[in-house]
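Residues 27 to 244 in the working numbering are what the sequence shown lists, from first letter to last.
Glycine included, every Cβ here is placed at the ideal spot set by N, Cα and C.
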Amino acid sequence: MTDKSPQINPSFISRMARWFTPVLSTMIVLYGITTAYTAFQQSQVDNMEGDAQIVGLLELARSNDAYSVADRKAVTDFDAITQILVFRATGADQEASNILEDTLSDEALASLFRSNDLDEDYYDLLYAEADALYDNAFIAFGAAGSLGNIRTGYDIALLILAVGLGFAGWSSLLGDDSKVGFVFGTASIVLFVIAVVILFNTLGLDMPAEVKPLAEFQ
């Protein structure tokens, strides 16, 4: 029975081999350079992502501490001002009222003179540091998330480059006249193009600004 399956003309393979061998050699060199560059970029972004996550965690911990301090101060100021207002309303000893005023925080004392109570400005000032630390923490987490997306692009490009380089290596080992080698070589070229497209798309993504702890600005 005659085999009617499609056959590749040997002369076609020979003609293709004339340019395929140098192209494949060039591809292997390009694979090496591109893989090294992509790995370097991936490493840089990975370090930046880790730094942003650390800043976020530290700022979040500091904001929790600042909120605790502000809460305790608010309770103390509220109790003191309540007693001061009672003393004033009942005409009690002024000296006792003065002693209580000395225990007030600067924010509470200013609020007492300003509105004779703890006003909204008092709470805004009291929690300003804690709020700023909290906001900075989530700015850092947002930056880490953006950097993670960029790193993922480099990871995908590296994975495709690794597979494509493997195809290129097998193609060179199988030789010019091998049909399988020709297929592997062609696949390596296609994968290289895909990896380069992903790499350039990733390089085109906007890098988030570096987020530093607020303590560095104080």
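query: Taking buried to mean at least 16 other C-beta atoms within 10 Å of its own C-beta, is Thr228 buried or exposed?
result: Looking at its Cβ environment, which holds 16 or more other Cβ atoms inside 10 Å, Thr228 is buried.
query: Could you give the residue range of the alpha helix (DSSP H) that holds Thr228?
result: First-last of the alpha helix (DSSP H) with Thr228: Lys205 to Leu229.
- request: Going by CA-CA distance only, name the one from Tyr180, Pro234 and Val189 that's closest to Gln68.
  value: With respect to the C-alpha of Gln68, the residue from Tyr180, Pro234 and Val189 having the closest C-alpha is Tyr180.
task: Count the C-beta pairs between the segment 153-171 and the segment 215-223 that are closer than 8 Å, then say yes if the count reaches three, no if not.
output: Touching, no, given that fewer than three Cβ pairs across the two stretches are closer than 8 Å.
- prompt: Who are the Cβ neighbours of Ile59 in its own chain at under 6 Å, not counting the five residues just before and after it?
  reply: Around Ile59, the same chain offers no residue with a beta carbon nearer than 6 Å, after the five sequence neighbours per side are excluded.
- prompt: For Val55, does the count of other Cβ atoms within 10 angstroms reach 16, so buried, or fall short, so exposed?
  reply: Val55 is exposed by the Cβ-count criterion.
query: Closest to Glu236 by CA distance: which of Leu185, Thr52, Asp77 and Thr64 is it?
result: Relative to the Cα of Glu236, the nearest Cα in the group Leu185, Thr52, Asp77 and Thr64 belongs to Asp77.
- request: Report all residues from its chain with a CB closer than 6 Å to the CB of Ser137; omit the five preceding and five following residues, and keep chain order.
  value: These residues qualify, in order along the chain: Leu144, Asp145 and Tyr148.
- request: State the DSSP-derived secondary structure class of Val189, mapped to helix, strand or coil.
  value: Val189: helix per DSSP, three-state reduction.
query: From this set, Val101, Arg88, Ala194 and Ser141, which residue's C-alpha is nearest Thr129's C-alpha?
result: Residue nearest to Thr129 within the set Val101, Arg88, Ala194 and Ser141 is Val101 (criterion: CA-CA distance).
- request: Could you check what DSSP says for Asp29 in three-state terms: helix, strand or coil?
  value: Here the model assigns Asp29 a pLDDT of 49, short of 50, so the residue's position is not dependable, and the following value carries that caveat. Looking at Asp29 - three-state DSSP - the assignment turns out to be coil, as it is neither helix nor strand.
message: Just to confirm the assignment, what range does the alpha helix (DSSP H) spanning Asn124 have?
response: Asn124: member of the alpha helix (DSSP H) spanning Gln120 to Asp128, first to last residue.
field: Length of the line joining the Cα atoms of Gly190 and Ile165
entry: Roughly 38 Å separates the two Cα atoms.
field: Range covered by the alpha helix (DSSP H) that runs through Asp143
entry: That residue, Asp143, is in no alpha helix (DSSP H); it is neither H nor E in DSSP.
- request: Out of Gly174, Phe167, Val223 and Leu231, point me to the one whose CA is closest to Gly82's CA.
  value: When only C-alpha atoms are compared, the closest one is Phe167.
message: Let's test the definition: count the other Cβ atoms within 10 Å of the Cβ of Val223 and tell me whether it reaches 16, buried, or not, exposed.
response: So Val223 ends up on the exposed side.
query: Hey, how far is the Cα of Ile176 from the Cα of Leu50?
result: Note on geometry: alpha-carbon atoms of Ile176 and Leu50 lie some 30 Å from one another.
message: Restricting to Cα atoms, I'd like to know which of Thr64, Ala62 and Met74 is closest to Ser172.
response: It is Met74.
message: Using a Cβ-Cβ cutoff of less than 6 Å, which residues in the same chain neighbour Trp196 once the five nearest sequence positions on both sides are dropped?
response: In chain order, Phe210 place their CB closer than 6 Å to the CB of Trp196, counting only its own chain and leaving out the 5 sequence neighbours on each side.
- request: Could you check which residue in Asp97, Thr64, Ala170 and Ala65 has the C-alpha nearest to that of Met233?
  value: Of Asp97, Thr64, Ala170 and Ala65, the residue nearest in Cα terms is Ala170.
message: Let me confirm a value: Asn142 is counted as buried when at least 16 other C-beta atoms fall within 10 Å, else exposed. Which label applies?
response: Counting Cβ neighbours within 10 Å, Asn142 comes out exposed, since fewer than 16 surround it.
message: My output table needs one value for Lys238: the three-state DSSP class, helix, strand or coil.
response: In the displayed model, Lys238 falls within coil according to three-state DSSP, outside both helix and strand.
field: Cut-off 8 Å between Cβ atoms - residues of its own chain near Leu199, not counting five sequence neighbours on either side
entry: Hits under 8 Å: Gly207.
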